[in-house]
Structures are given as C-alpha cells and as structure tokens.
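Peer 1: Numbering (the working numbering), first residue to last: 1 to 172.
All C-beta atoms in this analysis are idealised placements derived from N, C-alpha and C, irrespective of residue type, glycine included.
I'd like to ask you about the structure that follows.
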Amino acid sequence: MKKLVGLAAAVALSFGSVSAVQAAGLTFSVGQSGDSTMVYRIGTQFDFNTRWFESSVGHLGGYWDAGYTYWQGDDTATNHSVSFAPVFVYEFAGQNVKPYLEAGIGVAAFSSTRLESNDLGSSFQFEDRIGAGLRFTGGHEIGIRAMHYSNAGIKQPNDGVESYAVHYRLNF
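See the structure below:
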C-alpha cells in the first residue's frame with residue numbers, strides 16, 4: 001500500500017503541484033458510435049494546474065478525466081463503461097474565447113464485451129481521444145471529441161469501437 005501511495009504522489013508531483021483549490025469541471029456529452037449506437041457520457045475533470053510552453057500564442061496544460069458512458073443500443077447492444085484518463089490540452093490565447101485542441105490516452109472498463117456487432121474481447125479497454133473546442137469566460141466550454149476504445153490486442157477478438165460526440169463543460 002505504501003508503494004501505491006508513493007507512486008500516486010510521484011505521478012501527482014510530475015504533473016506539477018496541486019493547489020488547495022484545484023479547478024474542477026463537469027462535462028455532459030452526447031454522440032454516436034461508429035455503428036450508430038447513441039452514446040451519453042458524464043464526466044468530471046480536475047486540471048493539472050500546470051502550464052508548459054507558455055507563449056503569446058497559448059500554452060500546454062491538461063486535466064484528469066473520470067467518466068461514465070451509457071451506450072444505448074438494442075437489448076443485445078446496450079453497454080456501460082467507466083473510464084479514467086490524463087488529457088493534454090493546447091489552449092490558444094484569447095480574451096473572451098479560447099480555442100483548444102486536446103488528446104489523451106487512458107483506461108476504461110465495459111460492463112459487457114459486446115457492443116452492436118463488435119466483440120471487444122475483454123471488458124478492459126484503452127481509451128484514446130482527440131478533440132477541439134472553445135472555452136469561454138465564465139467557465140463554459142463546448143467542443144467535439146472522437147474516442148476510440150480497444151484492448152490493444154491483449155485479448156482476441158479486438159474489434160474496438162469509436163464514439164463521436166459534442167460536449168459541454170462547466171468549470172467551477
């Protein structure tokens with residue numbers, strides 16, 4: 001247990017010091033999978049509170065994301081997943097509106113290995129994401145995001161699945 005706590009502390013320190021009041025957010029998204037399954041996701045985010053490569057153009061930062069996703073299909077295709085990922089964000093400079101690009105790789109656990117015609121092979125999946133959006137003053141954000149889930153060949157079959165969604169985030 002001590003090793004696990006030490007590892008967690010080292011990871012936290014590697015991403016910068018955590019302030020007493022860390023920026024947090026709540027995200028809601030809706031979209032579709034590559035097989036037209038409706039996808040609904042709710043997530044919470046905690047910013048790294050660190051900026052790298054800061055310039056007049058923008059800066060690199062990021063956040064930790066934990067989410068729950070409901071994959072609405074027919075009786076054999078409905079699924080649920082929980083995920084956790086570090087996400088890196090390049091935020092461009094701006095006054096009232098700040099465009100951004102994001103990318104991250106994390107892990108997910110699905111309630112079933114079947115989703116539509118896809119056989120995921122295992123409940124454990126890696127979650128890859130890319131996205132873009134706009135951040136507004138007052139803590140609001142809108143964006144689009146593509147996410148891919150795959151077990152990276154750990155177990156066969158490994159059909160994988162993608163989702164494409166729009167999201168709204170409120171920071172508090």
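Name the DSSP bridge partner or partners of residue 98?
Peer 2: 135
Peer 1: Please list, in chain order, all residues of the same chain as residue 55 whose beta carbon is under 6 angstroms from its beta carbon, the five residues on each side excluded.
Peer 2: none
Peer 1: Determine the extent of the beta strand (DSSP E) in which residue 45 is found, giving its start and end residues.
Peer 2: 38-47
Peer 1: Give me the Cβ distance between residue 149 and residue 116, rounded to the nearest whole Å; I'm assuming they're in contact under 8 angstroms.
Peer 2: Contact between residue 149 and residue 116 is absent: CB atoms are separated by about 13 angstroms, not below the 8 angstroms threshold.
Peer 1: Write down the C-beta distance between residue 86 and residue 121 rounded to the nearest angstrom, noting that I regard them as a contact closer than 8 angstroms.
Peer 2: Incorrect: roughly 24 angstroms between the Cβ atoms, too far for contact.
Peer 1: Rounded to the nearest angstrom, what separates residue 105 and residue 129 at their Cα positions?
Peer 2: 6 angstroms
Peer 1: Could you check where the beta strand (DSSP E) with residue 57 kicks off and where it finishes?
Peer 2: Residue 57 -> no beta strand (DSSP E), and no H or E assigned at all.
Peer 1: So is residue 19 buried or exposed if we call it buried at 16+ other beta carbons inside 10 Å?
Peer 2: Since pLDDT at residue 19 reaches only 39, below the 50 mark, its modelled position is unreliable, and no value is offered.
Peer 1: Please name the residue or residues paired with residue 65 in a DSSP beta bridge.
Peer 2: Answer is 45, 85, bridged to residue 65.
Peer 1: CA-CA distance, residue 154 and residue 41?
Peer 2: 26 angstroms
Peer 1: Would you tell me roughly how many angstroms separate the C-alpha atoms of residue 74 and residue 59, rounded to the nearest one?
Peer 2: Distance from the CA of residue 74 to the CA of residue 59, rounded to the nearest whole angstrom, comes to 43 angstroms.
Peer 1: Can you have a look at residue 110 and say buried or exposed, based on whether 16 or more other CB atoms are within 10 angstroms of its CB?
Peer 2: buried
Peer 1: Can you tell me which residues form a DSSP beta bridge with residue 130?
Peer 2: 103, 146
Peer 1: According to DSSP, which residues form a beta bridge with residue 31?
Peer 2: 39, 165
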